[in-house]
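Residue numbers (my numbering): 1364 to 1680.
A short worksheet on the structure shown next.
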Amino acid sequence: MFDLAREQKAHDLFKRYPGNPILKPENWPYPTNAVFNPASAQVGTETLLLIRVEDMRGFSHLTVARSSDGLTNWKIDSEPTLKADQESREERFGLEDPRIVWLEEQKRYAVTYTSFSEGGPVVSLATTKNFKTFSRLGALLPPEDKDACLFPRRFNGRFALIHRPIVRGEAHMWISFSPDLIHWGNHIPFIMTRHAYWDCHRVGLACQPIETEKGWLIFYHGVRNTTAGAIYRVGMALLDLNSPWKVLRRSQEWILGPHADYERIGDVGDVVFPSGAVVYNETDEIYLYYGAADSSIAVAIAKLSDCMDYILSCPEN
Ligand code: BMA
């Protein structure tokens, strides 16, 4: 139902950082076409972004950039941090769109990303302690699949993965479970595209799930196809803390959409594509890192308490 007060909250939630875009191809220490769709983690006192970098064949790899305030003075690795193994059928056409979570029980980070395999896009998993060396666990599920992230802990003994397979041409978000990060089952579609809405054509997880007292706060991208092309916008949902396949709330409105020039114009115009977030509990802030128009990286900032206030004002799913 249309609700003007809620529309206003959705509209006002995130403020774009005035120094956007924070990272552009011109900043790179080596030639590159585009830098976008970054994963994020707070590592020690630094914000780390693991960034999708597209080379001039059109294939992507992942490169680390670090900053002490998460906004400026980025130190970028002088060469690709995680390169595709082009001998492998899994990674033949590059690595794209990573997400990071800290797995406390394993004392290491889990990085999920899209491998562009010979059979199409698949979700792959690698773990790392230092973002220098990585252990590859391979593809988790068959193609076509994208937009995946693990939860940082188990539920009833099982790891959980949000991902976005394409089934019968439909692009809904699914959640799947595994005892060992290798064997996956109990596949449940749980956030579907909504007919006639801004997210009617495709949905997919944005950044890593954020644990709050009221449930897991997730951001997702939603796509509408128009006569002028696709528009990628961002919405939110709240998942049950112990049963994350249960959707407690879902935003009716989008909370971030392409508006600034750097979001409207680029290799793929009209795209905002968040894939990383950092929460600062001391200041109640959330920094949402996103690819802008498949060309550069931007950040938008909100109060976490405002995000919770807004999502709790949205109807149940
Ligand atoms: C999606 C993904 C993203 C990309 C977006 C917009 O399907 O492939 O990597 O940013 O399209 O082009």
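By construction, the Cβ of each residue, glycine as well, lies at the ideal position given by its N, Cα and C atoms.
Among the options, the one whose alpha carbon lies nearest that of residue i
i: D1543; options: G1654, R1517, A1559; result: R1517
i: V1427; options: M1419, T1444, G1433; result: T1444
i: V1406; options: S1431, T1556, P1505, E1389; result: S1431
i: P1461; options: R1613, P1401, G1567; result: P1401
i: N1519; options: L1604, V1566, Y1393; result: L1604
i: S1480; options: Q1449, E1533, D1510, I1463; result: Q1449
i: G1421; options: S1658, L1413, P1678; result: S1658
i: M1364; options: E1616, T1646, G1629; result: E1616
i: Y1560; options: E1679, W1547, H1546, T1589; result: T1589
i: L1504; options: T1646, K1492, K1577, I1545; result: I1545
Check whether residue i and residue j have beta carbons under 8 Å apart
i: S1676; j: K1372; result: yes
i: I1329; j: V1597; result: Not covered by the structure: residue 1329. The range shown for the chain is 1364 to 1680.
i: A1688; j: S1614; result: Outside the displayed range of the chain (1364 to 1680) lies residue 1688, so it cannot be described from this structure.
i: L1434; j: I1660; result: no
i: L1411; j: S1423; result: no
i: C1512; j: P1572; result: yes
i: P1621; j: R1612; result: no
i: A1397; j: E1370; result: no
i: N1383; j: I1439; result: no
i: D1508; j: R1527; result: yes
i: D1510; j: L1466; result: no
i: L1413; j: I1463; result: yes
i: S1441; j: P1392; result: yes
i: V1566; j: I1554; result: yes
C-alpha distance - residue i paired with residue j, whole-angstrom precision
i: K1666; j: T1575; result: 13 Å
i: N1549; j: K1609; result: 14 Å
i: C1570; j: T1395; result: 24 Å
i: L1425; j: T1408; result: 22 Å
i: Y1673; j: S1451; result: 45 Å
i: P1381; j: F1514; result: 32 Å
i: G1482; j: I1529; result: 13 Å
i: E1533; j: K1446; result: 30 Å
i: F1494; j: W1579; result: 26 Å
i: W1437; j: R1429; result: 5 Å
i: K1577; j: D1647; result: 15 Å
i: K1470; j: T1491; result: 9 Å
i: L1367; j: F1522; result: 39 Å
i: L1602; j: E1645; result: 24 Å
i: A1547; j: G1629; result: The amino acid at residue 1547 is misidentified as Ala; the sequence shows Trp. Taking the straight line joining both Cα atoms gives about 37 Å.
Same chain, Cβ closer than 7 Å to residue i, neighbours up to 5 away in sequence not counted
i: R1563; result: Looking at the sequence shown, residue 1563 is not Arg but Cys. Contacts found: T1556, R1557, R1587.
i: P1388; result: T1395, N1396, A1397, V1398
i: H1374; result: none
i: Y1625; result: N1383, P1384, A1655, A1656, S1659, A1661
i: M1419; result: P1394, N1396
i: L1376; result: I1618, A1665, D1669, C1670, Y1673
Cut-off 8 Å between Cβ atoms - residues of its own chain near residue i, not counting five sequence neighbours on either side
i: E1468; result: R1516, R1517
i: R1649; result: The question names Arg, but residue 1649 in the sequence shown is Ile. Taken in chain order, the residues that qualify are I1573, A1640, V1641, V1642, Y1643, I1664, A1665, K1666, L1667, C1670.
i: A1623; result: R1379, N1383, A1655, A1661
i: P1678; result: M1364, R1612, R1613, Q1615
beta-carbon residue i near ligand 3 non-hydrogen atom, thresh 7 Å
i: V1662; result: This structure does not include ligand 3; its bound ligands are ligand 1.
Sequence-distant residues of its chain with Cβ nearer than 6 Å to residue i (five each side left out)
i: I1594; result: R1587, D1633
i: E1459; result: R1415, S1423, T1477
Three or more C-beta pairs closer than 8 Å, one from the stretch 1629-1638 and one from the stretch 1647-1657: is that the case here?
yes
Three or more C-beta pairs below 8 Å linking the stretch 1532-1539 and the stretch 1482-1495
no
Do the stretch 1578-1585 and the stretch 1492-1500 meet, that is, are 3 or more Cβ pairs less than 8 Å apart?
no
Below 8 Å, how does it come out for the stretch 1447-1457 and the stretch 1466-1475: are there three or more Cβ pairs, yes or no?
no
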